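Colleague:
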Amino acid sequence: MSGHNRWSKIKHQKAASDAKKSKGWTKLIKEVTVAARGGGDPNGNPRLRNAMDKARDSNIPNDTIDRAIKKGTGELGGEAMEELVYQAYGPGGVAIIIELATDNRNRTAGELRKILERGNAKIDSSGSVLHKFKRRGQIIFEATQASEDAITEIALDLGADDVRAEGEVVVVLTEPSTLYVVREGFVKKGLKPVDAEVLMIPEMTVNVSAKDSESLGKLITILEEHDDVTNVYANYESAEEAGE
């Protein structure tokens with residue numbers, strides 16, 4: 089899949105960096121809240137268990153996690169957290185997907201439109217952006233946790249689609265619907281992944297100029313820094329990357 093190898097490495101590096109930022113706490117807590125909408129018991133909700141593990145790995149206090157769960161299940165009242173997906177086209181005609189979790193749809197929509205306008209991007213209402221990506225489950229292990237062969241053997245037994253060694257990590261790909269089941273299977277085998285989430289992976293990438301690449305980089309950074317934004321995906325690589 090074009091661009092997937094480089095993209096996965098960048099995604100892994102970003103995940104490690106985000107965990108060190110205090111703002112990362114906000115996103116992790118929201119992830120717990122959204123996951124808890126599927127049930128407040130992690131034993132019966134693998135997505136919630138995964139979100140709780142990531143929150144604890146980032147040293148978020150248990151009482152904060154518990155409040156996030158209760159907000160997700162509706163026990164605390166207030167506005168419910170909902171997941172939204174925005175599609176946009178940015179500089180160079182690059183397709184952008186923005187995933188959000190918010191308890192105020194109107195506020196978030198207004199703020200997002202301003203960011204996109206300032207970044208020379210615009211909302212796409214035709215739905216064409218989504219067709220340029222494919223939803224995949226991705227589970228990441230440090231290469232030091234186990235050999236690629238050992239991870240592959242377990243992955244195949246659990247029904248995963250593919251396993252790839254990518255530098256310092258081993259990546260397991262799954263169908264979105266089986267991601268958390270496969271993750272739980274690895275945990276039961278004594279292998280706790282560094283990360284596990286459903287991603288939007290570009291079917292193909294487009295080449296853009298150095299100028300557009302710089303503009304896109306700035307835009308994506310600003311989007312990712314917004315508290316309500318959980319993920320940003322774009323289907324491009326710079327002219328320099330394409331020539332590598």
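According to the working numbering, the residues represented by the sequence shown are 89 to 332, in order.
Note that the Cβ used here is the ideal one computed from N, Cα and C, for glycine as well.
Remember, it's a predicted structure, so these values are computed and weren't measured experimentally.
Using the rule of at least 16 other Cβ atoms within 10 Å of the residue's Cβ for burial, across every protein chain shown, is Glu119 buried or exposed?
Modeller: buried
Colleague: Considering only the beta carbon of each residue, do Ala189 and Asp283 sit closer than 9 Å?
Modeller: no
Colleague: Expressed to the nearest angstrom, what Euclidean distance is found between the alpha-carbon atoms of Thr240 and Tyr177?
Modeller: 37 Å
Colleague: Taking 9 Å as the threshold (C-beta atoms), are Glu291 and Asn323 in contact?
Modeller: Going by beta carbons, Asn323 and Glu291 fall inside the 9 Å limit.
Colleague: Less than 9 Å between the C-beta atoms of Ile228 and Pro281, yes or no?
Modeller: Ile228 places its beta carbon less than 9 Å from that of Pro281.
Colleague: For the beta strand (DSSP E) that Leu287 lies in, which residues bound it at each end?
Modeller: Asp283 to Pro290
Colleague: Under the three-state reduction of DSSP, which class applies to Val270: helix, strand or coil?
Modeller: Residue state, collapsed to three classes: helix.
Colleague: So, for Phe234: in the same chain, excluding its five sequence neighbours on each side, which residues have a beta-carbon less than 7 Å away from its beta-carbon?
Modeller: The residue asked about is misnamed: residue 234 is Ala in this sequence, not Phe. Non-local C-beta neighbours of Ala234 in its own chain, meaning closer than 7 Å and more than five positions away in sequence, comprise Leu279, ordered along the chain.
Colleague: Would you call the region 150 to 161 in contact with the region 127 to 138, where contact means no fewer than 3 C-beta pairs closer than 8 Å?
Modeller: yes
Colleague: For the alpha helix (DSSP H) holding Ile333, just list the boundary residues, first then last.
Modeller: This structure gives no information on residue 333, because the portion of the chain shown stretches from 89 to 332.
Colleague: Are Val320 and Pro179 touching if we call contact CB-CB under 9 Å?
Modeller: no
Colleague: Got a sec, what are the start and stop residues for the beta strand (DSSP E) Ile185 sits in?
Modeller: Ala183 to Thr190
Colleague: Using the C-alpha atoms, what's the distance from Ala248 back to Gln226?
Modeller: 10 Å
Colleague: Along the alpha helix (DSSP H) that carries Thr196, what are the first and last residues, could you check?
Modeller: Arg193 to Arg206
Colleague: Would you kindly check if the distance between the Cβ of Glu325 and the Cβ of Val275 is under 9 Å?
Modeller: no
Colleague: Return the CA-CA distance between Val257 and Lys299, expressed in angstroms with no decimal places.
Modeller: Going from the Cα of Val257 to the Cα of Lys299 covers about 31 Å.
Colleague: Return the Cβ separation of Gly215 and Gln175 in integer angstroms, given the expectation that the two are a contact with Cβ distance under 8 Å.
Modeller: 7 Å
Colleague: Along the chain, which unbroken stretches of the alpha helix (DSSP H) at least 4 residues long are found entirely within the region 108 to 148?
Modeller: Counting only runs of 4 or more, we get 111 to 123 and 134 to 145.
Colleague: Say whether chain D places a C-beta atom closer than 9 Å to the C-beta of Ser213.
Modeller: Looking for chain D here will not work: only one protein chain is present.
Colleague: Going by DSSP, which residues form a beta bridge with Val320?
Modeller: Ile186
Colleague: With 16 as the cutoff for other CB atoms within 10 Å, does Gly132 come out buried or exposed?
Modeller: So Gly132 ends up on the exposed side.
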